[in-house]
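J.: Note that our numbering numbers the sequence shown so that position 287 is 459, with each residue one more than the last.
Yeah, the Cβ is synthetic: ideal placement off N, Cα and C, and Gly gets one too.
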Amino acid sequence: MTATNPLLDFSGLPRFAEIRPEHIGPALDVLLADAEAAVVAAERVQPVSWESFVVPLDDATERLWRAWGQVGHLQAVMNTPALREAYNQNLPRITNFGTALGQNVALFRQYQTLASSAGATGFDAPRRKVLDNTLRDFRLGGAELDGADKARFTAIKEELSALGARFSQNVLDATDAWSLLVQDEARLAGLPQDVRAAARAAAEKDGKDGWKLTLQMPCYLPVQTYAEDRNLRETLYRASAQRASEFGEGSLDNSGNIDRILALRAELAGLLGFASYADYSIATKMAQDPADVLAFLRDLAARAKPFARQDRVELEQFARDTLGLDHLQAWDLAFAADKLKQARYSYSEQDVKQYFTEPKVLGGLFAVIEQLYGLRVQPDSAPVWHDDVRFFRLEDAQGALVGQFYLDLYAREGKRGGAWMDDCRNRRVRADGSVQTPLVYLVCNFGRGADGAPATFSHNEVTTLFHEMGHGLHQLLTRIGELGVAGINGVEWDAVELPSQFMENFCWEWSHLQGMTAHVETGEPLPRALYEKMLAARNFHSGMATVRQLEFGLFDMLLHSQFEPQQDSVLALLERVREEVAVNHPPEWNRFPHQFSHIFAGGYAAGYYSYKWAEVLSADAYAAFEEAPDAVAATGARFRDEIIGRGGSRSAAENFQAFRGRAPSIDALLRHSGMAG
Ligand code: ZN
């Protein structure tokens with residue numbers, strides 16, 4: 173099997189067309205045995221040097237992750253029952269290997285020995301950074317704890333993981349548990365046809381007449397946005413706002429879970445010597461400490477709040493004068509905002525979409541890459557997993573290969589929804605100087621063209637494509653040869669969206685839009701008048717949207733850094749945050765924290781601020797290009813040299829400082845959002 177198993181062939185591009193579910197288990201038998209043998213050898217090797225210790229460990233684990241990465245990728249884009257079963261069967265083997273690796277004390281000691289060895293003084297920046305990160309991650313994983321503390325640390329981790337799962341399960345169950353059967357169609361006035369049809373079908377499925385409304389987003393959002401029946405909006409709003417709280421079924425109440433999660437997180441941080449869970453979370457991020465984040469959020473809030481207040485006043489006025497809504501309530505906000513937006517900037521997304529045809533959009537994207545970095549994107553060939561998939565290579569001005577990427581644009585059965593970038597192979601420079609070039613996947617779920625016509629994309633989809641290409645370029649343009657810090661590896665969580673959000677900006681540039689549009693029927697580029705309308709609508713209510721994000725970010729950061737459960741309550745803290753930054757105040761029975769899965773069940777604890785933080789970086793980086801319109805290539809070269817190409821070999825703060833010659837400023841974000849002073 174070994175000789176013919178495509179998952180064990182690392183000589184060239186992955187052999188996607190040949191990989192079968194039955195290859196997975198046998199490939200992992202070989203790769204896990206190799207990796208485990210490499211770990212055992214690394215635990216014992218003497219003397220410890222980069223070549224004797226890190227390289228063999230990297231070799232064995234890289235092969236394992238590369239093969240498993242191909243399996244995970246196929247699972248996401250070409251799912252079949254047989255593949256899913258093989259994936260699920262083998263997943264625990266991979267998870268167990270990864271967990272054991274992170275807690276291997278013998279390896280931790282070897283890394284410490286290497287870091288303090290005479291040879292380490294000669295290491296270049298990437299190698300030093302790999303060592304620093306590895307030692308840090310071992311420490312944060314509890315490797316330095318002894319006896320009882322270590323056991324307690326492990327127990328806390330396990331309980332937290334179960335509590336997080338419980339928390340999000342309660343939110344899901346509480347969402348599913350509620351529904352409203354509407355018998356009188358007049359109550360559905362304003363709701364789009366497809367939403368009504370879905371509600372009708374849902375009622376029928378229960379054997380009932382009428383329309384079944386639920387709290388699932390595809391029903392809840394249209395009701396809040398379009399339903400003219402104010403009472404209907406309120407009914408669904410109230411049910412949604414009280415999900416998983418003391419107002420509902422006791423077994424789904426997240427109140428106790430919130431308290432327990434916060435207590436355990438504080439204890440875990442304390443075991444590792446951190447003052448708070450926020451300090452622990454920020455130890456791996458670009459922000460310095462909780463105070464740094466709080467200052468950032470409050471500064472942005474102070475600037476955004478006047479605009480948000482103005483948005484609110486305008487909306488109240490419009491609701492009163494045009495809609496006859498005297499006291500704007502929480503369940504009126506989306507409804508009134510949509511009506512105001514219609515009144516002010518009526519244009520059809522559908523019209524815009526006719527201009528963004530697939531070949532033009534790709535051509536426009538590749539032209540941006542060429543302008544910025546002097547690199548050409550050329551069609552290339554490789555074994556692929558589906559006929560839809562296209563393959564490209566990036567070449568420099570001399571024709572040398574920089575990297576390659578797969579592009580899988582269209583939705584189909586068995587393909588996971590959404591859009592993402594993933595790495596298939598990372599850049600690596602070997603001891604003999606040979607270079608392993610990067611290889612990435614770009615995956616979207618757009619609709620195909622009908623009847624032989626090219627596909628057309630909404631402006632939002634075009635932005636998504638540019639965003640994912642931005643992540644892809646972070647991988648492809650790296651100049652780092654050490655796996656641990658090449659591409660996006662080792663890049664701080666709150667800075668990782670910089671290259672992707674940066675690319676989105678080009679979708680709003682008139683000069684680029686002309687080159688990337690051609691009407692599907694007439695071939696005409698996007699008309700200026702339509703562009704002006706898109707631009708005007710872009711920042712509609714951005715003040716209100718900004719303070720809402722700041723409310724969540726500030727609440728999250730205070731909860732994990734300054735909250736005293738004996739003297740305070742989670743709801744009281746949220747209320748104080750709203751007093752400080754919000755312009756919309758939900759009713760006192762709103763239980764938002766009980767549904768805040770991002771921070772209680774996801775990876776965003778003491779990290780919600782990252783969304784805005786990265787937006788500041790990307791806007792400010794883009795501003796460097798706006799400031800020098802005649803020097804795009806020079807700025808692009810600097811951007812690659814100092815940020816994109818550096819991977820995680822240097823801190824994001826140092827990268828930014830080197831590129832901009834100063835620390836990040838929020839001015840560009842404010843200007844792009846229409847909130848410049
Ligand atoms: Zn992203």
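(1) In three-state terms, what does DSSP make of W383?
(2) Does the beta-carbon of V742 have 16 or more other beta-carbons within 10 angstroms, so that it is buried, or is it exposed?
(3) Is it true that the CB of R415 sits closer than 8 angstroms to the CB of L387?
(4) At a cut-off of 7 angstroms, is H639 close to ligand 1 when judged by its beta-carbon and the heavy atoms of the ligand?
(5) Checking the sheet assignment: what are the DSSP bridge partners for F295?
(6) Helix, strand or coil, according to DSSP, for F768 in the structure here?
(7) What does a CB cutoff of less than 6 angstroms around F479 pick up in its chain, not counting 5 residues either side in sequence?
(8) Quick one: give me the first and last residue of the alpha helix (DSSP H) that D594 is part of.
(9) For the beta strand (DSSP E) that E567 lies in, which residues bound it at each end?
(10) Ignore the nearest five residues each way along the sequence and tell me which others in G420's own chain have a CB closer than 7 angstroms to its CB.
(11) Would the C-beta of S790 count as close to ligand 1, meaning under 7 angstroms from any of its heavy atoms?
(12) If you reduce the DSSP assignment to three classes, tell me which class D552 lands in.
(13) Measure the C-alpha to C-alpha separation of R235 and M458 and round it to an integer number of angstroms.
(14) Applying the 10 Å Cβ sphere with the 16-neighbour rule, what's the burial state of T689?
(15) Can you name the start and end residues of the beta strand (DSSP E) that G336 belongs to?
(16) Are the Cβ atoms of D504 and V249 separated by less than 8 angstroms?
(17) The alpha helix (DSSP H) that contains L730, what's its start and end?
(18) Checking 8 angstroms against the spacing of the C-beta atoms, do L745 and L722 come in under that value?
(19) Can you tell me which of R588, P186 and G546 puts its alpha carbon nearest to the alpha carbon of Q570?
(20) What does the Cβ neighbour count give for V212, buried or exposed, with the cut at 16 atoms within 10 Å?
(21) Measuring alpha carbon to alpha carbon, tell me which residue in A840, S453, R818 and V634 is nearest L537.
(22) Check for me: the alpha helix (DSSP H) holding L436 runs from which residue to which?
(23) Counting Cβ pairs, one atom from each stretch, are 3 or more of them under 8 angstroms apart for the segment 672 to 685 and the segment 618 to 626?
(24) By the three-class DSSP mapping on this structure, what secondary structure does G197 have?
(25) Check each candidate in L698, M675 and L469 and name the one with the smallest Cα separation from A791.
(26) Between which two residues does the alpha helix (DSSP H) harbouring D523 extend?
(27) Return the first residue and the last residue of the beta strand (DSSP E) that C616 is part of.
(28) Which same chain residues end up closer than 8 angstroms to R265 when comparing Cβ atoms and leaving out the 5 residues on each side of it in sequence?
(29) Consult DSSP for Y582 and reduce its assignment to one of helix, strand or coil.
(30) Apart from the five residues just before and just after D431, which ones in its own chain have a Cβ nearer than 7 angstroms to its Cβ?
(31) Give the list of continuous alpha helix (DSSP H) stretches no shorter than 4 residues that lie fully inside the segment 196 to 270.
(32) Tell me whether T718 is buried or exposed, calling it buried when 16 or more other Cβ atoms sit within 10 Å of its Cβ.
(33) Please report the residue range of the alpha helix (DSSP H) in which K511 lies.
(34) Three-state secondary structure (DSSP) at M173?
(35) Classify F772: buried if its beta carbon has 16 or more other beta carbons within 10 angstroms, exposed otherwise.
T.: On the basis of the coordinates in this document:
(1) Per DSSP, reduced to three states, the secondary structure at W383 is strand.
(2) buried
(3) yes
(4) yes
(5) Answer is none; F295 lacks a bridge partner.
(6) coil
(7) If we look at F479 and ignore the five residues flanking it on each side, its Cβ neighbours are G715 and M847.
(8) Annotation for D594: no alpha helix (DSSP H) segment contains it, though the beta strand (DSSP E) segment containing it runs W592 to R597.
(9) R562 to E567
(10) Here the set comprises A346 and Q414.
(11) no
(12) strand
(13) 30 angstroms
(14) buried
(15) Unbroken run through G336 is the alpha helix (DSSP H), G319 to A349; no beta strand (DSSP E).
(16) At least 8 angstroms separates the beta-carbon of D504 from that of V249.
(17) From DSSP, the alpha helix (DSSP H) with L730 extends over S714 to L731.
(18) no
(19) It is G546.
(20) exposed
(21) V634
(22) S427 to L443
(23) no
(24) helix
(25) M675
(26) E521 to K525
(27) L611 to F618
(28) L200 and L204
(29) strand
(30) P737
(31) 227 to 249
(32) Classification of T718: buried, given that the 10 Å Cβ count is 16 or more.
(33) L505 to R516
(34) Any answer about M173 is weak, because its pLDDT of 47 lies below 50 and its placement is not dependable; what the coordinates show is given next. Residue state, collapsed to three classes: coil.
(35) buried
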